[in-house]
Amino acid sequence: MSQPGPSTSKAAEGKHAADLDYDTGGRDTPKSSRPKSMPTEDPNRKEGAPRAVDYTPTFLNRYQAVLRKKVSQKRYRVNFQNLDLDAAYITDRIIAIGYPADGFELHIRNPMEQTREFLWRRHGSGNVKVFNLRGGYLYDPRCFDNNVIYMDMTDHHPPKLELMAPFCREAKAWLDEDPKHVIAVHCKAGKGRTGVMICALLIYIQFYKLPREVLDYYSIVRTKNNQGVTIPSQRRYIYYYAHLREKNLNYLPRRQEILGIYVERPPETGKGKSKFIVTVTNGSREVWRPDKMMKLNKERYAQEKASWRPFNDRKAEDPDREYVSRRACAFILNRDINPCYVEGDVRIDLLAAEKKLLSDKYKTKKIGHVWFNTMFTCGQDFEYGDKRWPYALNETSIGRRTDDISEPPKLMWNPRTEVVSEWKIREPDGLDEHVPKESLEQIYDNYGMEWPRHEIARRLYQAHDEGIVTDLYNDRRFKDYGDAYEPVLCNSATSMNPDMKYCKFPMHSKYEHTLTFPIYEIDRAFKDKNIDNGMKLHVVLRCMGKHPEAAEQFCDQTFSEEQKKRSQLPKTMKGFVRPERPAEDAIGAEKMKMPAVWYAKEGGYRGKAHSRLDDHKFRGNPLARSTRWCRFFYKQEPRKAGEVNPATRKRSKSTGSLSEYPSATHKCTIHQQEYTFPEASETYVPPQAPPPAPRSRFSSLLNRISRRN
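Adding 1 to a residue's 1-based position in the sequence shown gives its number in the numbering used here.
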């Protein structure tokens, strides 16, 4: 640690959180997570001088820095007063940062101690709210002035749609409180999930008008190779959130039945053959897997490859076509014997399969997978943003190439520096409102620090000059990739035998929805150069009509298994939180025993949402009081017209939050049948939980021992 500065005269500033006696609910806080005292700012410091002298790293710190730089790969790092961290300022008030680690991880990731030191030296005490998006990992919130919000996000999953809005509302409420306030966001590496949520926030505050612009901006500013949010499913969920904002909707999933999955231009899995299966996962529960694999031997696979001719995707598919695909391998689900119902987040896995020796079972290896959400399968007119907003000639989403460089353009947002570039970079539309002049003065000018926007601008120009800002989606989309030409029809997908089929022009019913995912929208597979550029995945679904009892039981079982997994607290979280019975009058997400969002308070995580947010949007909604659906209801911004924003000192023109929850009754846009959440009915009686089985004395003794440990 650096040498502490002179003690301040203010009692509140002179007493650090680590010296206070916080109640942790009778649980021991891990020693490695207990915060150490921080230096305090010199009250006699002159304006424009830093808060403290430069940090002095130890020999071990210097050695570890080499490993950390290798682990961070192409992510930008910040070096300030000898503190070198995997972090980047996305705006002057938003920081993306790697996980603040303790224990073994600190050798390869940002150390907790140095992360705290960095944030204090840059922004002082009480000015940074930290968002922890690393699912299953908690640390002592006193490390960051008891100003931490934890959001439960599983690794290798796209962030949950229901958490995007509360993240944005909490972040904006904090930033609006004081011009000095900033936020720091981290997951594990501080790139993927962190990027998704920061992009959601930039969409929320209308930093740019289009989500494609936000994605390009973040990718350039966070990474040296423009590889910020690259996973197609993560990008899809950002576009989902932008769609909700555009329609003024809150998230509420819909129930669907999966009827069939079709693989067009299947990949070769080995030695000129193709053997594969597909599986369906709803949340974290696998809900369908075929009994047999799809097999194409060498002769059949060679015929398949020869049956396609070059075709250009500019010839768009007819949206009213009566077929699913021109030619595809089909996995048809039997609705009578093995139906599959889903709601919310759904993952389709494409797996290479090989039969095990002397066994009927087979081993699998993942080729790729797709995440999608059932709310956007019916009536939302959703289109993947990369396809919707392609680059124009000699342009990117945020830049335009010019031929005239006789007059060097001024570096964006920086009147003191000029660059020679053939690119003109557009200034974000919401920059001034997001970062008012008072913020720049109080955060940076008063402490002699350069505005982060200057470095951000350099990165934006550099990335464009180096030619790494490309439209990969449409570059691949407009390549020749082949298309079926044999006009031989097959039976309707809903009436075929319940087995794998190889179909030419597989049909679908007029009452069914079809989602199509080209190779460049399939996670993992989009990076595999050995897979044909024309591979597609088609998913055929149907909206639920009259809410069949079987579908209700199926989805209830999925929900119960999810809740059971969530109730098992990871070891990395024990000592900080424990499941507690919610208040009897709690509604919305506060009704959850194991919430997805934990708010720090007094050394633990027992806090509440920001005081400026309230539940006026769902007080009368019966779903908000349902144990089954309450997790989708979070408090919203109630600010009314005429109220003053403390940061911008401008009066609000809005009438509060405009986002509304969809109706509890959904009407399918195709077959016009209606589906209503049973919990929304006045006559609904919640199912009674079965009585607990009697436990033996031995099992009771084991439970007591495990609780003590």
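Cβ atoms here follow ideal geometry from the backbone N, Cα and C, with glycine treated the same way.
Nothing here was measured: the structure is a model prediction, and the numbers come from that model.
Only buried fits glutamate 258, as 16 or more other CB atoms lie within 10 angstroms of its CB.
Given a length threshold of 4 residues, the region 122-160 has no whole run of the alpha helix (DSSP H) inside it. Bounds of the beta strand (DSSP E) holding glutamine 257 are 256-265. Positions of the beta strand (DSSP E) runs, each at least 3 residues long and wholly inside the region 329-392, are given as 342-344, 346-356, 363-374 in order along the chain.
Counting the other Cβ atoms within 10 Å of the Cβ of leucine 542 gives 16 or more, which makes it buried.
Burial is judged here by how many other beta carbons sit within 10 angstroms of a residue's own beta carbon; isoleucine 338 has fewer than 16 and is exposed. In this structure, the beta-carbon distance from alanine 53 to arginine 123 does not fall below 7 Å. Comparing alpha carbon positions, the residue from Asn534, Gly468, Asn249, Gly431 closest to phenylalanine 479 is Asn534. Closest in alpha carbon position to isoleucine 469, among Asn226, Tyr209, Met198, is Asn226. Counting C-beta atoms within 10 angstroms of its own C-beta, histidine 370 has 16 or more neighbours from the protein chains shown and is therefore classed as buried. Here proline 437 is not near tyrosine 90, since their CB atoms are 7 Å or more apart.
Selection Asn80, Leu216, Lys70, Cys200 evaluated against methionine 450 yields Asn80 as nearest (Cα-Cα). Secondary structure of histidine 514 (DSSP, three-state): strand.
Counting C-beta atoms within 10 angstroms of its own C-beta, valine 131 has 16 or more neighbours from the protein chains shown and is therefore classed as buried. Relative to alanine 665, the option among Ser658, Ile671, Pro679 whose CA is nearest is Pro679. Looking at the backbone, the Cα of isoleucine 426 and that of isoleucine 399 are separated by about 6 Å. For alanine 166, no beta strand (DSSP E) encloses it; the enclosing alpha helix (DSSP H) starts and ends at 162-178. Annotation: glutamine 115 to cysteine 144 spans about 11 Å, alpha carbon to alpha carbon. In this model, methionine 593 and glycine 608 are separated by some 14 Å (Cα to Cα). Contact check for phenylalanine 527 against glycine 589 fails: the beta carbons are separated by 7 Å or more.
Two segments are said to touch when three or more pairs of C-beta atoms, one from each, lie closer than 8 Å; by this definition the region 241-259 touches the region 372-384. Assignment of beta-bridge partners to proline 519 by DSSP yields Lys537.
The region 274-290 and the region 346-365 touch, with three or more beta-carbon pairs separated by less than 8 Å. A residue is called buried once 16 or more other Cβ atoms fall within 10 Å of its Cβ, and tyrosine 600 is buried on that count. Pairing glutamate 675 with cysteine 631, the inter-Cα distance amounts to about 22 Å.
In this structure arginine 194 is buried. Its beta-carbon is surrounded by 16 or more other beta-carbon atoms within 10 angstroms. Going by C-alpha positions, leucine 253 is about 26 Å away from threonine 231.
Look at proline 623 here: in three-state DSSP terms it is helix. Taking 7 Å as the cut-off, the Cβ atoms of isoleucine 368 and proline 519 do not count as close.
Beta-bridge annotation (DSSP): lysine 575 is paired with Val578.
Taking 7 Å as the cut-off, the Cβ atoms of glutamine 637 and lysine 618 count as close. By the criterion of at least three beta-carbon pairs nearer than 8 Å, the region 142-159 is not in contact with the region 206-218. Between leucine 516 and valine 540 a beta carbon distance of about 5 Å is seen, short of the 8 Å cut, so the two are scored as contacting.
For proline 679, the three-state secondary structure derived from DSSP is helix. DSSP places histidine 667 in the uninterrupted beta strand (DSSP E) bounded by 666-668.
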